[in-house]
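There are 2 protein chains.
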Amino acid sequence: MSKPRSAPTLDDVAKMAGVSTATVSRCLNNPDRVVATTRERVQAAVDALGYTPNFAARVMAAKRSFTIGAIIPTMENAIFARGLQAFQEELHLRGYTLLVSSSAYKPDIEEEQIRKLAARGADGLLLIGHDRDPEIYKYLESRRIPTLIAWSYRPNALAPSIGFDNRKAMRNLAERVIAAGHTRIGMISGIREGNDRARLRIEGVQDAANARGLSPDGFTIVETPYEIENGGAAFAELMAQPVPPTAILCGNDVLAVGAVRRAQDMGLRVPQDVSITGFDDIELARIVSPALTTVHVPHREMGRKAALQLVEMVETQSPGQGEQLATNIVSGGSLGPPPQG
Amino acid sequence: MSKPRSAPTLDDVAKMAGVSTATVSRCLNNPDRVVATTRERVQAAVDALGYTPNFAARVMAAKRSFTIGAIIPTMENAIFARGLQAFQEELHLRGYTLLVSSSAYKPDIEEEQIRKLAARGADGLLLIGHDRDPEIYKYLESRRIPTLIAWSYRPNALAPSIGFDNRKAMRNLAERVIAAGHTRIGMISGIREGNDRARLRIEGVQDAANARGLSPDGFTIVETPYEIENGGAAFAELMAQPVPPTAILCGNDVLAVGAVRRAQDMGLRVPQDVSITGFDDIELARIVSPALTTVHVPHREMGRKAALQLVEMVETQSPGQGEQLATNIVSGGSLGPPPQG
DNA sequence: AGCAGATATGTAAGCGCTTGCATTTTGCAT
DNA sequence: ATGCAAAATGCAAGCGCTTACATATCTGCT
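Residue numbers (our numbering), protein chains in the order written: chain A, 1 to 341; chain B, 1001 to 1341.
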């Protein structure tokens, strides 16, 4: 017995089973269109040869890949992990494979990845957030690739979306902070450019401040990439002001965790000396102590529903309606009243 | 101007540029084999049409995919994140794309994923750890798919590997724990089956215990999947023994963080009342307080070197030599002398 | 027994690209 | 001008699969 020079093909199976390649193909893809006896014969050949269909050939011939692409801003932290996990589980159940790539929060890389996934024959695409060059939506439409947006809900956008209202969610949290008595508020935001979530969360804080009649000079924003150390650095920067804030709202949990750690390094107690809040409610939020007061996002639900929605768009050629999900605030001990209050 | 019914093809470009498809193909893949003037003409057509090569067709024709597959046990926690990130960055530099999938620590899922990646034409594969059915190595060899193993170094194994000596690393850490005065040691291990890293780490602790003449009844092991909550539960279980351990070594940082949090919930101070150590030195280890005393693994270096090695194996058909990397212990405050010592 | 209609299988035309080989063009020394 | 090797390009054969469409083989009726 010599090793095969290359993988067995449909032809090999067909020959061994004494049928045509068409029949073998049908056995694999439409078993009910082939009579039981032949089916068994073919199956035996498949097993004997250890045959696995060549994916590229299948994609070419069928013009379907049963592959869904997703482009997320980063894999470095866990922000998207849980949602994506649920997304992929649901996809798997429906017979689809997920291909993930990351854009490092860079629009041009995202565009490159979109083209790459299109070239790979992705049947549908999941993108994060709405902010991107409108040309991209045109491209996707011209290539007939159903696209769904997650992590940010917006009706009547260029593409359907499933997510939550970032602005309102953050506003709610900010109002709670203000209600606790804080008047000097700082914010550590992610980079706004090309990131509607970051932008909307800032606006949410502003909404709350306006609604509660907070003086604008009591509100400073530092913008920095979503990384733990950056959260720490931004925290230090905010606290170095002549009149430092008593509460700091962070654009997400990663920044907040960095802020909490830095506060502790600086000898500040959270929340006695300074309050800090997060956004996302990822695992990290509960590991740091005190645990973060943060906005809980239903990641798993979002991922699962996104999968269902996108598969439907792909299979029925329908436009997709999108859906808004609710968030809620979880209290974790990092938010308290202002000092000497 | 009507929307194209489907993506432009090589043919379209060729026609527009007034050359043959062969020339267009060469422009894209071997630009130096085509004269500058034609190259420009072709490039213009490519741009005008917004042409992107069809990946499946290219793979079929070229029998190369410039894709490397990696199968990791889990994406849920960050254990593999940093190493994989470095792996993919290096791969990208070399012109390869990384396809990642996870096996959920299940051998049969891993096998399925291996076949899937093979079917997708992966030029090479990165696998974690050595423990798996030997048939798989045969399959990979018969399909001529270069395979490299990471996260665990072992010379003369069925496949080359790049990683560290899990057993010795853990032994070193355990010796330090014993040197601190602990005689009753507990261990929270990951599931051993199909996971040589987990197995070797246990053996490392045993090595140290034997070398230091520790009584075997002073050493209890709890085996549980790598998840934070499990670490907590296992910790509670260990501490519920009539004579609880004074130090608990964990199979990785995730388990250790769970243990630390649970200890605090139980009103135990770390390390005054109980010492806890981790393994991996992931970000989490430094966020929890006290920070973990743990084994630092050079994840980025490992990922980068794995990429270089694997690409070489793919491009030169060489067997690959593998490499052992050093680990070191980082002290984080979670390890102290035993109580009343 | 014989036939319509369903059911099962085979035939063969691509899908979009790469690449060995054949052919044409070019550059340059004579 | 002429010839020749080298460089540039074209031709066409696949790569392994799916799927109309054509053909062959069954059903169950009358």
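For every residue, glycine included, the Cβ atom is placed at its ideal position computed from N, Cα and C.
- Close to Ala1007/B, with beta-carbon spacing below 8 angstroms, are these residues of chain A in chain order: Ala118 and Arg143.
- The distance from the Cβ of Glu90/A to that of Leu268/A is about 43 angstroms, inconsistent with a contact at the 8 angstroms cut-off.
- The secondary-structure analysis by DSSP pairs Asp280/A across a beta bridge with His296/A.
- Interface criterion met: the Cβ of Phe1055/B is under 8 angstroms from a Cβ in chain A.
- A distance below 6 angstroms between beta-carbons, with the five flanking residues on each side excluded, links Arg94/A to the following residues of its chain, in chain order: Val311.
- Under the Cβ criterion of 8 angstroms, Leu1268/B is not counted among the residues facing chain A.
- The DSSP-derived three-state label of Met1187/B is strand.
- For the 8 angstroms CB-CB criterion, Val35/A and Ala169/A do not form a contact.
- Leaving aside the five residues that flank Tyr139/A on each side, none in its chain has a CB nearer than 6 angstroms to its CB.
- Straight across, the Cα-Cα distance linking Ser1331/B with Thr1277/B is about 9 angstroms.
- Residue burial is scored here from C-beta neighbours: Gly181/A has fewer than 16 other C-beta atoms within 10 angstroms and is therefore classed as exposed.
- Close to Ser289/A, with beta-carbon spacing below 7 angstroms, are these residues of chain B in chain order: Ser1289.
- Runs of the alpha helix (DSSP H) lying entirely within the region 1240-1273 of chain B, each at least 4 residues long, are 1253-1265 in chain order.
- Excluding residues up to 5 positions away in sequence, Phe219 lie with their Cβ nearer than 6 angstroms to the Cβ of Ala209/A in the same chain.
- With its beta carbon at least 8 angstroms from every one in chain A, Gln1340/B lies outside the interface.
- Residues of chain B with a Cβ closer than 9 angstroms to the Cβ of Arg261/A are, in chain order, Arg1286, Ile1287 and Ser1289.
- Contact check for Val1177/B against Leu1335/B passes: the beta carbons are separated by less than 8 angstroms.
- Its chain contains Arg1171 as the residues whose beta carbon lies nearer than 6 angstroms to that of Asp1207/B, once the 5 sequence neighbours on both sides are disregarded; these appear in chain order.
- Counting C-beta pairs closer than 8 angstroms gives fewer than three between the region 1019-1038 of chain B and the region 312-322 of chain A, which falls short of the contact rule.
- A residue is called buried once 16 or more other Cβ atoms fall within 10 Å of its Cβ, and Arg1033/B, having fewer, is exposed.
- Judged by beta-carbon spacing, Asn252/A lies within the 8 angstroms limit of Ile79/A, meaning their Cβ atoms are closer than that value.
- Residue pairing by DSSP places Leu325/A opposite Phe164/A in a beta bridge.
- Cβ contact annotation for Leu126/A (same chain, cutoff 8 angstroms, sequence separation greater than five): Ile68, Gly69, Ala70, Ile71, Phe87, Thr147, Leu148, Ile149, Ala150, Ala306 and Leu310, in chain order.
- The straight-line gap separating the alpha-carbon atoms of Glu323/A and Ile162/A is approximately 5 angstroms.
- Taking all protein chains in view, the Cβ of Val243/A is surrounded by fewer than 16 other Cβ atoms within 10 Å, so the residue is classified as exposed.
- Taking the beta carbon of Thr52/A as reference, the chain B residues within 7 angstroms of it are Arg1115, Ala1118 and Ala1119, listed in sequence order.
- Residue contact check for Gln1043/B against chain A: no CB pair falls below 8 angstroms.
- Within chain A, the residues Met75 and Glu76 have their CB atoms less than 8 angstroms from the CB of Ala1081/B, given in chain order.
- Spatial neighbours of Ala285/A in its own chain (CB-CB distance under 6 angstroms, excluding positions within 5 residues in sequence) are listed in chain order as Asp253, Gly278, Leu292 and Thr294.
- According to DSSP, Ser1102/B shares a beta bridge with Ile1072/B.
- For Val46/A, no Cβ of chain B is located within less than 8 angstroms of the residue's own Cβ.
- Residue environment analysis places Ala81/A among the buried positions, since at least 16 neighbouring C-beta atoms fall within 10 angstroms of its C-beta.
- From the listed residues Val257/A, Ala62/A, Gly303/A and His92/A, the smallest Cα separation to Ser1289/B is found for Val257/A.
- The region 1100-1116 of chain B makes no contact with the region 1055-1065 of chain B, as fewer than three CB pairs between them are under 8 angstroms.
- Annotated three-state conformation of Glu227/A is coil, per DSSP.
- An exposed status is given to Arg212/A, since fewer than 16 other beta-carbon atoms sit within 10 Å of its beta-carbon.
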